[in-house]
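Notes for the one structure printed next.
Protein chains: 2
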Amino acid sequence: MAKEVSRERWRNEFGEWFRDILISAEIMDYRYPIKGCGVWLPYGFQIRKNVFQLIRNILDATGHKEALFPLLIPETSLAKEAEHVRGFEAQCFWVTHGGQKPLKIRYALRPTSETILGPMLHLWIRAHTDLPLKLYQVVTVFRYETKATRPILRMREFDFKEAHTAHATAEEAEAEVKEEIENYRKFFDELCVAYKISRRPEWDKFAGAVYTIAFDMLCPDGRTLQIGTVHNLGQNFAKAFDVTYEKPDGTHEYVWQTCAGISGRGIASVLIAHGDDHGIVLPPRIAPIQIIVVPIPYKEKGETVNKKCLEVVAKLKKAGFRAEADTREDVTPGAKYYHWELRGVPIRIEIGPRDIENNEATLVRRDTLTRETCKMEALESRLRSLMETMTREMRRKAWEWLEKHTFQTSSLEEAKQLISERAGIVEAPWCGDSECGQQIEEAVDARILGVPEETQTKPKGKCILCGKPAKTIIRIAITY
Amino acid sequence: MAKEVSRERWRNEFGEWFRDILISAEIMDYRYPIKGCGVWLPYGFQIRKNVFQLIRNILDATGHKEALFPLLIPETSLAKEAEHVRGFEAQCFWVTHGGQKPLKIRYALRPTSETILGPMLHLWIRAHTDLPLKLYQVVTVFRYETKATRPILRMREFDFKEAHTAHATAEEAEAEVKEEIENYRKFFDELCVAYKISRRPEWDKFAGAVYTIAFDMLCPDGRTLQIGTVHNLGQNFAKAFDVTYEKPDGTHEYVWQTCAGISGRGIASVLIAHGDDHGIVLPPRIAPIQIIVVPIPYKEKGETVNKKCLEVVAKLKKAGFRAEADTREDVTPGAKYYHWELRGVPIRIEIGPRDIENNEATLVRRDTLTRETCKMEALESRLRSLMETMTREMRRKAWEWLEKHTFQTSSLEEAKQLISERAGIVEAPWCGDSECGQQIEEAVDARILGVPEETQTKPKGKCILCGKPAKTIIRIAITY
């Protein structure tokens with residue numbers, strides 16, 4: 001299989017492929033004069049918009065309401081939660097002047113929005129009837145990354161779909177964390193992206209959280225990419241911002257909060273999971289153009305063929321497909337195939353004079369590049385089933401690839417070996433001690449993603465490093 | 001007419017009404033700890049979203065492509081167009097630090113995006129085949145306003161739908177200005193907002209533009225509000241950023257640019273144009289809830305009535321209406337009417353036990369508060385025609401009100417008198433001399449909006465101030 005070989009080859013060329021594809025498929029232009037900031041080009045913007053709509057639909061369905069909070073955070077607000085400010089202040093862009101005048105206090109550009117919601121929740125929440133409060137916003141956030149920036153993968157300005165909730169009890173906050181995890185499962189399932197869900201170790205949780213659950217995907221180069229996080233904030237921010245509610249019995253208690261977020265990496269994950277030598281491959285659900293119709297002109301028949309293609313597009317649009325015809329005259333069919341394959345359009349329809357005679361069309365699937373002939377009267381139903389099949393198979397392949405590159409071992413040497421080969425994700429038994437965990441990270445020269453959240457199976461055997469009885473499994477990987 | 005009296009009363013109370021309605025109708029909470037920044041609440045956010053969709057549809061239809069450019073502008077970019085930087089540098093928020101480190105050059109938060117596009121257009125545009133380039137983006141912009149800030153009307157952080165285009169010739173740029181004007185007409189027509197279109201005087205044009213065309217609406221207090229602008233930029237920015245293209249004959253020329261923008265005032269304009277003593281009134285096109293169904297419970301029949309209401313809502317939703325039922329049990333029908341009138345829901349349906357017996361429902365229009373009975377089988381078609389009628393009449397009323405408050409005079413004394421009474425917009429003959437124009441502004445203690453763009457009729461008579469032969473009509477008003 002050419003495809004599989006190509007993905008293996010990517011082990012070394014993935015970084016370059018990803019940078020190049022963003023500009024050649026007209027997704028992002030990263031040549032803006034400020035490092036870590038890029039321009040979303042019209043085609044990329046449409047993909048982004050469809051991905052955003054997906055997460056909006058999912059959050060709306062679980063009763064989260066979309067709102068919009070300001071970008072600027074007074075330094076005094078950011079400083080209210082001690083761990084949070086320690087975690088974020090070195091990553092903030094700081095606004096110090098309005099016009100020529102120095103501001104009385106500095107404003108941070110939001111790196112995340114907990115301390116923006118704080119003062120508002122303090123005003124809004126009075127009684128138990130105000131709870132639960134489930135909000136989300138889709139915004140741009142800023143982090144002054146000191147690591148090497150990379151387009152979409154590590155930006156200084158990037159989009160963030162962040163949910164924020166407040167609850168009356170710890171149990172309700174806990175249930176919300178589970179709901180958010182389910183939401184993110186649905187989201188990545190729709191994108192046909194495979195993931196591992198891990199409870200991050202203590203030393204790698206969100207600054208200010210009680211615990212952090214993260215979604216990671218595996219890139220073709222063997223490194224994992226964090227693509228979504230859900231945090232249980234306990235009462236930490238409620239105490240910092242004095243957000244209390246009156247219980248039915250008249251006493252007051254701090255609210256229990258959660259937050260969850262998916263960055264621009266939500267979009268990157270689709271490009272990474274399915275891309276190949278020909279370009280990106282988009283699941284039909286989020287493709288700006290689902291079907292591209294290419295006329296195969298033949299001598300004097302050009303006009304008839306173009307007309308037929310436009311007719312087919314009009315019919316498909318009416319039936320609810322996002323379809324376009326590529327009737328450019330100065331471009332060969334082959335160049336058109338190249339153009340639309342690069343941009344990941346799920347299905348190509350080719351129509352030539354003989355197809356018209358036979359009342360049929362040729363369909364080509366982007367993921368497998370397989371061809372088939374279809375009678376015109378069966379076109380719509382065949383496209384629908386093809387798109388479903390394609391989505392299902394893209395998802396299955398992504399999961400197969402992830403599982404194939406996930407390894408269980410109880411030997412530190414083997415773990416080291418797998419990591420040094422960039423084989424993928426390594427799962428190993430662990431004693432549960434933080435200090436020992438950080439020593440494992442050093443020993444294998446990789447990061448601990450955390451404890452599997454999908455299953456709670458007790459490991460047999462001993463900690464991979466210290467040899468004490470294992471309490472859990474941990475996942476280890478080289479991370480982006 | 002209670003409604004008309006109420007709008008006259010607003011002359012004095014409009015500012016207060018607007019501030020109050022934003023929070024009571026759950027549109028914006030302006031209590032964020034930074035001046036000029038507010039929180040869009042879920043209901044307000046939905047209105048905003050629908051308004052944005054409207055302008056997106058209009059721009060998409062004229063071939064403008066949505067993209068997204070960064071927020072941060074290097075000071076060196078902002079400084080490239082001399083007039084532009086003079087006009088904006090005192091209004092910029094400046095980012096000076098990344099983490100603890102001072103940045104090598106300061107970044108401005110975009111007050112507008114011409115100098116953000118500059119370096120990208122320089123990269124993108126090579127040949128005449130790259131033109132025209134028509135882009136737009138929907139973003140948040142920042143201006144360090146020194147005048148008193150007001151929620152939505154004058155914010156330091158606000159939304160901006162900005163179009164940017166580049167063309168091969170001055171004529172094409174001129175034609176694009178006309179297209180943008182038509183687009184904005186369509187937009188405000190859909191919002192049922194009445195407007196005057198004026199060519200701003202030289203001393204009040206956009207910094208860096210050749211000329212500026214502006215849309216102004218008239219608020220109930222007699223002050224005008226600029227709600228949209230279209231600028232012909234000529235080659236000013238092209239020269240500053242070296243954006244040239246190769247012509248078919250092999251020579252090179254700077255591109256011709258335009259830009260156009262509508263801020264958050266696009267949303268404010270709807271609230272202002274139609275609000276009354278009961279709250280806001282939303283045109284059905286942008287109402288998050290178009291129809292609210294309220295059960296009128298009667299003794300033991302409560303459950304039957306609720307069930308019927310939910311059935312009606314399900315049917316209406318299926319037919320494409322945005323409909324909701326308010327089945328809250330601890331709230332009286334009267335309190336529900338108040339609640340949804342405040343929020344501007346276009347049509348209320350009341351259903352009680354007798355209505356069910358008679359197979360009918362009561363419909364109440366939000367704009368006139370008139371009631372009518374409708375047979376259940378006619379409900380959908382009646383709602384559709386009612387929504388059309390309502391839209392048409394809201395638009396007509398807005399225009400009538402604007403025309404009623406627009407005055408023609410050739411007497412400076414009368415102009416002064418009208419302005420001092422806050423009567424509305426005054427149109428008067430003018431010699432066309434800038435110095436004389438600025439003296440008129442001083443004499444009447446108001447601003448010149450500019451020369452009418454809708455009609456090019458030559459005025460008879462003499463300049464209202466200097467007495468020389470008049471060249472044009474000018475519009476004068478107290479402005480926000």
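The listed protein sequences correspond, in order, to chains A and B. If you read the first sequence in my numbering, its first letter stands for residue 1, the second for the next number, and so on. If you read the second sequence in my numbering, its first letter stands for residue 1, the second for the next number, and so on. Yeah, the Cβ is synthetic: ideal placement off N, Cα and C, and Gly gets one too.
Compute the Euclidean distance between the alpha carbons of Lys196/B and Val255/B, then round it to the nearest angstrom. In the second sequence, the residue the question calls residue 196/B occupies position 196. In the second sequence, the residue the question calls residue 255/B occupies position 255. Their backbone Cα atoms lie some 30 Å apart in a straight line.
Beta-carbon within less than 8 Å of Thr140/A's beta-carbon, same chain only, minus the 5 sequence neighbours each way: which residues are those? Residue mapping note: residue 140/A aligns to position 140 of the first sequence, counting from 1. Taken in chain order, the residues that qualify are Leu71, Glu157, Phe158, Asp159 and Phe160.
Roughly how many angstroms lie between the CA atoms of Asn12/A and Leu153/A, to the nearest whole one? Taking the first sequence and counting its residues from 1, one reaches residue 12/A at position 12. Taking the first sequence and counting its residues from 1, one reaches residue 153/A at position 153. The alpha-carbon atoms of Asn12/A and Leu153/A are separated by roughly 17 Å.
In chain order, what residues of the same chain lie with their CB nearer than 8 Å to the CB of Glu16/A, ignoring the 5 residues before and after it? Indexing the first sequence from 1 puts residue 16/A at position 16. Contacts found: none.
Output the residue ranges of the alpha helix (DSSP H) runs that lie fully inside the region 126–192 of chain A and measure 4 residues or longer, sorted by chain position. 170–190
Neighbour flag for Val243/B against chain A, beta carbons, 9 Å: By one-based count along the second sequence, residue 243/B stands at place 243. No, Val243/B lies away from the interface with chain A (no Cβ there is under 9 Å from its Cβ).
Going along the chain, which residues of its own chain have a beta-carbon closer than 6 Å to the beta-carbon of Gly228/A, five neighbours each way excluded? Here residue 228/A refers to the residue found at position 228 of the first sequence. Result list for Gly228/A: Tyr184, Phe215 and Ile262, in chain order.
Measure the alpha-carbon distance for Lys315/B versus Thr391/B and round it to whole angstroms. Here residue 315/B is taken as the residue at index 315 of the second sequence, counted from 1. Here residue 391/B is taken as the residue at index 391 of the second sequence, counted from 1. Cα to Cα, Lys315/B sits roughly 23 Å from Thr391/B.
Which of the residues in the region 156–188 of chain B, read from start to end, lie with their CB under 7 Å from any CB of chain A? Glu157
Under 8 Å by Cβ, that's how I've got Glu171/A and Cys259/A pegged, so tell me the actual separation to the nearest angstrom. The residue you call residue 171/A lines up with position 171 of the first sequence. The residue you call residue 259/A lines up with position 259 of the first sequence. The pair is not a contact, with the Cβ atoms about 18 Å apart (cut-off 8 Å).
Give a yes or no on whether the C-beta atoms belonging to Tyr32/A and Phe69/B are separated by under 9 Å. Residue 32/A sits at position 32 when you count from the first residue of the first sequence. Residue 69/B sits at position 69 when you count from the first residue of the second sequence. In contact: Tyr32/A and Phe69/B (Cβ atoms closer than 9 Å).
From Trp430/A to Ile181/A, what distance separates their C-alpha atoms? Locating residue 430/A in the first sequence gives position 430, counting from the first residue. Locating residue 181/A in the first sequence gives position 181, counting from the first residue. So the two alpha carbons sit approximately 24 Å from each other.
Where Ala378/B falls: helix, strand or coil (DSSP): Counting from 1 along the second sequence, the entry for residue 378/B is found at position 378. DSSP places Ala378/B in helix when its eight states are reduced to three.
Run through DSSP, which three-state label would Leu103/A get? For this step, residue 103/A is matched to residue 103 along the first sequence. DSSP places Leu103/A in strand when its eight states are reduced to three.
Buried or exposed by the 16-neighbour rule on C-beta atoms within 10 Å, applied to Glu81/A: Locating residue 81/A in the first sequence gives position 81, where the first residue counts as 1. Buried, since its Cβ has 16 or more Cβ neighbours within 10 Å.
Could you say which of Pro469/A, Arg422/A and Tyr211/A lies nearest to Phe14/A if we only look at CA atoms? Indexing the first sequence from 1 puts residue 14/A at position 14. Of Pro469/A, Arg422/A and Tyr211/A, the residue nearest in Cα terms is Arg422/A.
Using a Cβ cut-off of 7 Å, which residues of the region 60–79 of chain B contact any Cβ in chain A, in chain order? Lys65, Glu66, Ala67, Leu68, Phe69, Pro70, Leu71, Leu72, Pro74 and Ser77
Name the residue from Glu311/A, Ile73/A, Asn57/A and Asp29/A whose alpha carbon lies nearest to the alpha carbon of Cys37/B. In the second sequence, counting from the first residue as 1, residue 37/B sits at position 37. The shortest C-alpha separation from Cys37/B is found at Ile73/A.
Which residues in chain A sit within 7 Å of Ala90/B, going by Cβ to Cβ distance? Taking the first residue of the second sequence as position 1, residue 90/B is located at position 90. Those are Gly99 and Gln100, listed as they occur along chain A.
Pick from Ala325/A, Ile280/A and Arg199/A: whose alpha carbon is nearest that of Glu311/A? Against the first sequence, residue 311/A aligns to sequence position 311. Of Ala325/A, Ile280/A and Arg199/A, the residue nearest in Cα terms is Ala325/A.
Can you list the residues of chain B that Asp20/A reaches, using a CB-CB cut of under 9 Å? Residue numbering aside, residue 20/A sits at position 20 when the first sequence is read from its first letter. In chain order: nothing, as chain B lies at least about 16 Å away.
Between Ala378/B, Arg365/B and Gly279/B, which lies nearest to Glu393/B when the distance is taken from Cα to Cα? Here residue 393/B is taken as the residue at index 393 of the second sequence, counted from 1. Taking only the C-alpha atoms, the option nearest Glu393/B is Arg365/B.
Using CA coordinates, which residue listed in Gly208/A, Thr457/A and Thr146/A is at the minimum distance from His84/A? Taking the first sequence and counting its residues from 1, the one referred to as residue 84/A is at position 84. Considering only alpha carbons, the answer is Gly208/A.
Where does the unbroken beta strand (DSSP E) through Tyr245/A begin, and where does it stop? Numbered from 1 along the first sequence, position 245 holds the residue referred to as residue 245/A. Unbroken beta strand (DSSP E) run through Tyr245/A: Thr244 to Glu246.
Same chain, Cβ closer than 8 Å to Glu176/B, five either side skipped, listed in chain order: On the second sequence, position 176 is the one that residue 176/B refers to. The answer, listed in chain order, is Pro132, Lys134, Thr165, His167 and Thr258.
Checking contacts by CB at 9 Å: is Gln439/A closer than that to chain B? As a first step, residue 439/A must be located in the first sequence, where it is residue number 439. It does not: the Cβ of Gln439/A has no partner Cβ on chain B nearer than 9 Å.
Going by the DSSP bridge assignment, what does Arg422/B pair with across the sheet? Locating residue 422/B in the second sequence gives position 422, counting from the first residue. Answer by DSSP bridge pairing: none, since Arg422/B is not bridged.
Whole runs of the alpha helix (DSSP H) within the region 20–98 of chain A, excluding any shorter than 4 residues: 42–61, 75–78 and 82–88
Restricting to runs no shorter than 3 residues, where is the beta strand (DSSP E) found entirely within the region 208–232 of chain A? 211–218
So is Arg223/A in contact with chain B if we call contact Cβ pairs under 9 Å? As a position in the first sequence, residue 223/A is number 223, starting the count at 1. No, Arg223/A lies away from the interface with chain B (no Cβ there is under 9 Å from its Cβ).
Closest to Leu449/B by CA distance: which of Gly437/B, Gln290/B, Arg343/B and Ser24/B is it? Within the second sequence, residue 449/B is the residue found at index 449, counting from 1. The shortest C-alpha separation from Leu449/B is found at Gly437/B.
Anything in chain B within Cβ reach of Arg31/A, meaning under 7 Å, just list it in chain order. Residue mapping note: residue 31/A aligns to position 31 of the first sequence, counting from 1. The contacting residues are Leu123.
As a quick exercise: from Val230/A, Pro248/A, His231/A and Glu253/A, pick the residue whose alpha carbon is nearest that of Phe241/A. Against the first sequence, residue 241/A aligns to sequence position 241. Answer by Cα proximity: Glu253/A.
If you check the beta carbons only, do Val363/A and Ile349/A fall under 9 Å apart? Taking the first sequence and counting its residues from 1, one reaches residue 363/A at position 363. Taking the first sequence and counting its residues from 1, one reaches residue 349/A at position 349. In the sequence on display, residue 363/A carries Leu and not Val. Yes, these two residues count as a Cβ contact at 9 Å.
Within chain A, partners of Leu41/B - CB distance below 7 Å: Walking along the second sequence from the start, residue 41/B turns up at place 41. Correct list: Ala67.
Less than 7 Å between C-beta atoms, sequence neighbours within five positions excluded: which residues of the same chain meet that for His278/B? Walking along the second sequence from the start, residue 278/B turns up at place 278. Once the five neighbours on either side are set aside, the close Cβ partners of His278/B are Glu341 and Leu342.
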